[in-house]
Amino acid sequence: MMSKRLSLLGLAKKAGKLSYHEEANLLAIRAGRAKLLVLAEDAGESTAKKYLDKCDYYQVPVARGVSRENLGAALGSSPRTAVVVLDEGFAKKLAELIT
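This is the structure in structure tokens:
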């Protein structure tokens, strides 16, 4: 199941339907473009609170259950704490797989 999640994240990245840098993530959430936030289960307390508060306020669903290392590996980059999915279809399928 983990490889299916990771491959779907990689596919969403290639399609340009992800945001994975902190400022861009927060901007997408505030602008209403975020369909899902994938937050690493091992995210730091203050970072997690910042993202969870924003998502609660702007009513963005949150999925947890992937480590920072796995998020980074799925994107072909260094470990990532959070990824914002910008596409409804990818968001729906990832939410099913992660939660």
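Its first residue numbered 24, the sequence shown is counted upward by one per residue in the working numbering.
Where is the CB? At the ideal position from N, CA and C, for every residue including glycine.
For residue i, count neighbouring Cβ atoms within 10 angstroms of its own Cβ and tell me buried if that reaches 16, exposed if not.
i, result
"residue 80", "exposed"
"residue 100", "exposed"
"residue 54", "exposed"
"residue 69", "exposed"
"residue 26", "exposed"
"residue 38", "exposed"
"residue 14", "Limits of the chain in this structure are 24 at one end and 122 at the other, which puts residue 14 out of reach."
Alpha carbons only, please: which of the options is nearest the one belonging to residue i?
i, options, result
"residue 88", "44, 37, 60", "60"
"residue 33", "111, 104, 93", "93"
"residue 84", "119, 47, 97", "119"
"residue 71", "48, 27, 121, 31", "48"
"residue 86", "67, 107, 102", "107"
Using 8 Å for Cβ pairs, my map puts residue i next to residue j. What's the rounded Cβ distance?
i, j, result
"residue 77", "residue 52", "5 Å"
"residue 91", "residue 110", "No, residue 91 and residue 110 are not in contact; Cβ-Cβ is about 22 Å, not under 8 Å."
Would you identify the three-state DSSP class for residue i, choosing helix, strand or coil?
i, result
"residue 24", "With a pLDDT of 48 at residue 24, under the threshold of 50, the modelled position of this residue cannot be trusted; read the value that follows with caution. Of the three classes helix, strand and coil, the one that applies to residue 24 here is coil, per DSSP."
"residue 90", "coil"
"residue 30", "helix"
"residue 69", "helix"
Along the chain, where does the alpha helix (DSSP H) containing residue i start, and where does it finish?
i, result
"residue 51", "45-54"
"residue 115", "111-121"
What first and last residue would you give for the beta strand (DSSP E) that runs through residue i?
i, result
"residue 105", "105-108"
"residue 61", "59-62"
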